[in-house]
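Trainee:
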């Protein structure tokens, strides 16, 4: 695969209009064609018009606000960390070098297209998340933003990301300079390994691996605006951000053809340079609720050693791992926090993919009670966290066998003529 990638890069930097690229492009197009899809009633529909109608209806509902109430409890624990000096830096005059820098950060080899009108109109292209998709949720929506808008958004994002170390808590490792994906993986691996062999304590401990359904697409704009205001960001800066967020309109690309016009009232675009940073700001609400519950003694984090720090949660963007005692009282408090977070931010917990892990000391009776309260499944081993196994036993081959299978699937997909 690496040799093939090298060939692709070499041809990309040259001017090779070869059979290799035509074959690759044709294969990719055929793979992404939507021949049919199940509607909301589970009825299979084919034909461009029927498929387009189903997709437009789905995303129109997804991007429509639930009009959540303003719960000050979800905002009260977010500290005001932005100073007047930082606000002046954010809202200072935009310089030419910032625009040039943003332009140079754009992918230079992306295919240009026509400028969309209005400027913030966006095409949504659907990428299959699995083989033979049949549901709309089996596709990942990627936003194709206007190039001029992306330059403007990139300038704002470059300013905003300089402040993230001061604004975002240390439990969040995504998109913050100096913080690494591997940090979360190592901490999670060591913590779960220790929990696996932990056979003492009051009732034992549990880890809850959360999966939020369509996390970016469900973000409520009102909550985002209130979070920025609570952090102390100036009204001028908030206004710039919310213009980018609120002025968007969508069309769905169905087999390359734009269909429909959607005016959203919530959601962040996957493909917008601002979206990752804005989502991090929203997760500070959940961090504040968990930290407050821990300081009040309502939940107790897990410590790897005596007198060590208590770990209550790990964040990587929308991936979340929670730790607390495996007793019904703390489980109910966690559920209360998650319910409030779901309500104010518009999130929806995917209970089919959310999972529980218990330490040895947890009794079978408590396990059944907690699973009943949360309505999620229990895992024992070989589950992944951020792409790597979070637990490994003596059978290391079983933990990492998926790597061999993935390489084998790639080899089977290659055409013999394309290998030479």
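Residue numbers (full-length UniProt numbering): 1 to 420.
Heads up, the beta-carbon is just placed ideally off N, CA and C, and yes, glycines get one too.
Note that the structure is predicted; figures quoted are calculated from it, not measured.
(1) Quick check: the Cα distance between residue 128 and residue 142, rounded to an integer number of angstroms?
(2) Is the separation between the beta-carbon of residue 144 and that of residue 224 shorter than 8 Å?
(3) Using the rule of at least 16 other Cβ atoms within 10 Å of the residue's Cβ for burial, across every protein chain shown, is residue 406 buried or exposed?
(4) If you follow the beta strand (DSSP E) that residue 38 is part of, which residue opens it and which one closes it?
(5) Within the chosen definition, does the region 251-266 reach the region 55-64 through at least 3 CB pairs nearer than 8 Å?
(6) Are the CB atoms of residue 282 and residue 300 nearer to each other than 8 Å?
(7) Distance, Cα to Cα, residue 234 vs residue 45?
(8) Please specify which runs of the beta strand (DSSP E), each continuous and at least 3 residues long, are wholly inside the region 316-391, giving them in chain order.
(9) Buried or exposed: which applies to residue 273, given that a residue is buried once 16 or more other Cβ atoms fall within 10 Å of its Cβ?
(10) Residue 283 by DSSP, collapsed to three states: which one?
(11) What is the DSSP secondary structure of residue 216, reduced to helix, strand or coil?
(12) Classify residue 336 as buried or exposed, calling it buried when 16 or more other Cβ atoms lie within 10 Å of its own Cβ.
(13) Count the other CB atoms within 10 Å of the CB of residue 269; is the residue buried (16 or more) or exposed (fewer)?
(14) Pick from 342, 50 and 133: whose alpha carbon is nearest that of residue 218?
(15) Can you give me the start and stop residues for the beta strand (DSSP E) that residue 260 sits inside?
(16) Taking buried to mean at least 16 other C-beta atoms within 10 Å of its own C-beta, is residue 359 buried or exposed?
(17) Do you know whose CA, among 232, 364 and 250, lies nearest residue 120's CA?
(18) Quick check: the Cα distance between residue 369 and residue 328, rounded to an integer number of angstroms?
(19) What residues match up with residue 205 in a beta bridge as DSSP calls it?
(20) Quick one: what does DSSP say residue 128 is sitting in, helix, strand or coil?
(21) So what does DSSP say about residue 159, is it helix, strand or coil?
(22) Just mark residue 82 as buried or exposed, buried being the case when its beta carbon has 16 or more other beta carbons within 10 Å.
(23) Mapping the DSSP letters down to three states, classify residue 95 as helix, strand or coil.
(24) Run through DSSP, which three-state label would residue 152 get?
(25) Tell me which residues share the same chain as residue 227 and place their Cβ nearer than 8 Å to its Cβ, disregarding the 5 neighbours each side in the sequence.
(26) Measure the alpha-carbon distance for residue 348 versus residue 134 and round it to whole angstroms.
(27) Reducing DSSP to helix, strand and coil, say where residue 64 ends up.
(28) Could you round the C-beta distance between residue 310 and residue 326 to whole angstroms and report it? I think they count as a contact, below 8 Å.
Mentor: Answer, in terms of the structure:
(1) Here the question's residue 128 lines up with position 128 in the chain shown. Here the question's residue 142 lines up with position 142 in the chain shown. Near 11 Å, if we compare the C-alpha coordinates of residue 142 and residue 128.
(2) The residue you call residue 144 lines up with position 144 of the chain shown. The residue you call residue 224 lines up with position 224 of the chain shown. Residue 224 sits away from residue 144, with the two beta carbons spaced by 8 Å or more.
(3) Numbered from 1 along the chain shown, position 406 holds the residue referred to as residue 406. Residue 406 should be labelled exposed.
(4) To locate residue 38, count along the chain shown from 1; it is residue 38. Note, residue 38: beta strand (DSSP E), 36-38.
(5) Segments in contact, yes.
(6) On the chain shown, position 282 is the one that residue 282 refers to. On the chain shown, position 300 is the one that residue 300 refers to. It is not a contact, given that the beta carbons lie outside the stated cut-off.
(7) Numbered from 1 along the chain shown, position 234 holds the residue referred to as residue 234. Numbered from 1 along the chain shown, position 45 holds the residue referred to as residue 45. Near 49 Å, if we compare the C-alpha coordinates of residue 45 and residue 234.
(8) 319-325 and 355-358
(9) Translated into the one-based positions of the chain shown, residue 273 becomes position 273. The residue in question, residue 273, is buried, as its Cβ has 16 or more Cβ neighbours within 10 Å.
(10) Start at 1 with the first residue of the chain shown, and residue 283 comes out as number 283. Of the three classes helix, strand and coil, the one that applies to residue 283 here is helix, per DSSP.
(11) Taking the first residue of the chain shown as position 1, residue 216 is located at position 216. The answer is coil: DSSP assigns residue 216 none of H, G, I, E or B.
(12) For the purposes of this step, residue 336 is identified with residue 336 of the chain shown, where counting begins at 1. The residue is exposed, with fewer than 16 neighbouring Cβ atoms inside 10 Å.
(13) In the chain shown, the residue the question calls residue 269 occupies position 269. So residue 269 counts as buried.
(14) Position 218 of the chain shown holds residue 218. Comparing Cα-Cα distances from residue 218 to each of 342, 50 and 133, the minimum goes to 342.
(15) Your numbering for residue 260 matches position 260 in the chain shown. It spans 257-262 - the beta strand (DSSP E) in which residue 260 sits, taken as one unbroken run.
(16) The count along the chain shown starts at 1 and reaches residue 359 at position 359. Buried.
(17) Here residue 120 refers to the residue found at position 120 when the chain shown is read from its first residue. When only C-alpha atoms are compared, the closest one is 250.
(18) Mapped onto the chain shown, residue 369 falls at position 369. Mapped onto the chain shown, residue 328 falls at position 328. Whole-angstrom Cα-Cα distance: 7 Å.
(19) Taking the chain shown and counting its residues from 1, one reaches residue 205 at position 205. Answer by DSSP bridge pairing, in chain order: 325.
(20) Sequence index remark: in the chain shown, residue 128 carries index 128 (1-based). In the structure shown, residue 128 sits in a strand (DSSP, three-state: E or B).
(21) Within the chain shown, numbered from 1, the residue matching residue 159 stands at position 159. Looking at residue 159 - three-state DSSP - the assignment turns out to be helix.
(22) As a working mapping, residue 82 is identified with position 82 in the chain shown. The residue is buried, with at least 16 neighbouring Cβ atoms inside 10 Å.
(23) The sequence position of residue 95 within the chain shown is 95, counting from 1. Correct three-state label for residue 95: coil.
(24) Position 152 of the chain shown holds residue 152. Note: residue 152 maps to helix in three-state DSSP.
(25) Numbered from 1 along the chain shown, position 227 holds the residue referred to as residue 227. So the list reads 75, 78, 281, 282, 284 and 285, once near-sequence residues are dropped.
(26) For the purposes of this step, residue 348 is taken as residue 348 along the chain shown, with counting starting at 1. For the purposes of this step, residue 134 is taken as residue 134 along the chain shown, with counting starting at 1. The C-alpha of residue 134 is placed about 21 Å away from the C-alpha of residue 348.
(27) Position 64 of the chain shown, counting from 1, holds the residue named residue 64. In the three-state reduction of the DSSP assignment, residue 64 falls in the coil class.
(28) Within the chain shown, the letter at position 310 stands for residue 310. Within the chain shown, the letter at position 326 stands for residue 326. That pair is no contact at about 15 Å.
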